[in-house]
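Asks: Handing you a structure now.
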Amino acid sequence: MKKAFLSWTILFLCNLIWSFHFTCIKLVQDQVGPYFTVWLPMLLATIFLAPFVIKDFRKGKKKIKDVLIFVQLGALGAFPSQVLMTYGTQYSLASNAAILVLALPVITAVFAFFLLKEKMNTIRWISFGIAIIGVLLCSTDDIKKMDLSSRYALGNLLIFLAIIGNAYYNVGCKQVAEKYTEMEMVFYTYLVLVIMLAPLVWYYEPEMFSRIPDYTTQTWTGMIALTLFHNFLSMIMFFSVLKYLDATQVALSNYLITFMGLPIAAFVLGETLKTQAIIGGVLVLASTLILTIVDSRSQQKKLVEISQ
C-alpha cells in the first residue's frame, strides 16, 4: 500500500508539472515558434541526460539493436503526438483540441487491453465517469465554442491521430519499462524526436536561433521551466511510476491536468475561474482518489490471491 501511495503521489506531481505546460507555452509564444518550443527544451534535456545514459549503456552491455524499439515508439507514438497536434490545432480550433483530448484515456485503455491485457474493472469505469463529468464542467466554454464541421475536418482528424499516437507511446513504453531505466527511456525517446523535429525547425523556423539573445525574462522563464520540469523531471518521474501502475490507471490520472491547469492559468495569466470549473475540478480530484485508494487496494488483493 505504501508503494502504491508513493506512486500515486509521484503521478500527482507529474500531472501538476504538466498542468503548467500550457501556461509556459503562453509565456514564450511571443518570441518562440511552436516547433522550436518543443525542439529546444528536448534537445537540452537530451544533452543533460547523455553522460548518465552513456555510462549505463556501457555498464549494462547493451547494443544498438536493443534501443531500436524507441525509434518505433518515437516515430509511431511520440512524434505524431507532438507534430500532428501542432498542425491539427492550426487547422482546427483550440476548443476542438481540448475536447478531443478527452478521448486519450479511452484510447489508452483500448491499447492497454490489446497489448498489455489490462482490463477496465468496475472501479475504473466509475472513476472514468466521474472524471469525464468533472472535465466537461471545466471545459464548458470550450464545448460551447466547439465546431466539428467539415471546415475543420482535417484539423480534427490530425488532432485525433495525435491522440492515438500519444496513447500508443504510453502503452508501448509500459511494455519495455522493465528493461530500461527511467533516464534511458527519456533519453532515447528525446533523441529520436530531436532528430525527427530538426528538419521542421530548420525549414519552418530558421530565424528562431537568431532570436535567442533577445529573449525576455518571461521567455527565459518559460523555456527553462519547459526544459527542467516538463521535459526532464516530470518524464523521469513518469517512467518510474509506469513501472508499477497500469497504463490505464496512468492515463485516467491525466484528467488531473485540467483540474490543476485552471487555477494555475487563473493565478499566473489572470484568467477567470468559474464556479462550474471549480466543481468540475473537485470531481476530477475525487475520481483520482478513487483510483488511488480503492483501485490500488483491489489490485493488491488480486496480487495476494494470485500469490496464494
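Quick note, the sequence shown lines up with residues 738 to 1045 if you use the working numbering.
Even for Gly, the Cβ is constructed at its ideal location relative to N, Cα and C.
Bear in mind the structure is a predicted one, so any value in this text is a computation, not a measurement.
Can you have a look at L1040 and say buried or exposed, based on whether 16 or more other CB atoms are within 10 angstroms of its CB?
Replies: What you label residue 1040 is simply residue 303 of the sequence shown in a count that begins at 1. Interpretation of L1040 is limited by its pLDDT of 49, a score under 50 that renders its predicted location unreliable; no figure is taken from the coordinates.
Asks: Say whether the region 924–938 touches the region 806–814, bearing in mind that this needs 3 or more beta-carbon pairs closer than 8 Å, one atom from each stretch.
Replies: As far as the Cβ criterion goes, the region 924–938 touches the region 806–814, which means the pair count is three or higher.
Asks: Given a cut-off of 8 Å on the beta-carbon distance, is the pair A890 and P817 in contact?
Replies: Here residue 890 refers to the residue found at position 153 of the sequence shown. Here residue 817 refers to the residue found at position 80 of the sequence shown. No. Outside cutoff.
Asks: Span of the alpha helix (DSSP H) holding K911?
Replies: Numbered from 1 along the sequence shown, position 174 holds the residue referred to as residue 911. 890–913 is the extent of the alpha helix (DSSP H) around K911.
Asks: Are Q768 and T958 touching if we call contact CB-CB under 8 Å?
Replies: For the purposes of this step, residue 768 is identified with residue 31 of the sequence shown, where counting begins at 1. For the purposes of this step, residue 958 is identified with residue 221 of the sequence shown, where counting begins at 1. Cβ atoms of Q768 and T958: not closer than 8 Å.
Asks: Less than 6 Å between C-beta atoms, sequence neighbours within five positions excluded: which residues of the same chain meet that for C751?
Replies: Within the sequence shown, the letter at position 14 stands for residue 751. Closer than 6 Å at Cβ, skipping near neighbours: S971, M974, F975.
Asks: Have a look at V913, F851, V843 and flag the residue whose alpha-carbon is nearest the alpha-carbon of Q986.
Replies: Counted from its first residue, the sequence shown places residue 986 at position 249. For the residues V913, F851, V843, the minimum Cα distance to Q986 belongs to V843.
Asks: Can you tell me which of the three DSSP states F966 falls into?
Replies: Residue 966 sits at position 229 when you count from the first residue of the sequence shown. Note: F966 maps to helix in three-state DSSP.
Asks: Helix, strand or coil for D767 per DSSP?
Replies: Taking the first residue of the sequence shown as position 1, residue 767 is located at position 30. Three-state DSSP puts D767 in coil, outside helix and strand.
Asks: In terms of alpha-carbon separation, which member of A988, S977, L963 lies closest to H758?
Replies: Reading the sequence shown from its first residue, position 21 is the one you call residue 758. The residue with the shortest Cα to Cα distance from H758 is L963.
Asks: What does the alpha-carbon distance come out to for the pair M922 and V978?
Replies: One-based indexing of the sequence shown puts residue 922 at position 185. One-based indexing of the sequence shown puts residue 978 at position 241. Taking the straight line joining both Cα atoms gives about 13 Å.
Asks: Per DSSP, what kind of secondary structure is D951 in: helix, strand or coil?
Replies: Locating residue 951 in the sequence shown gives position 214, where the first residue counts as 1. D951 falls in the helix class under three-state DSSP.
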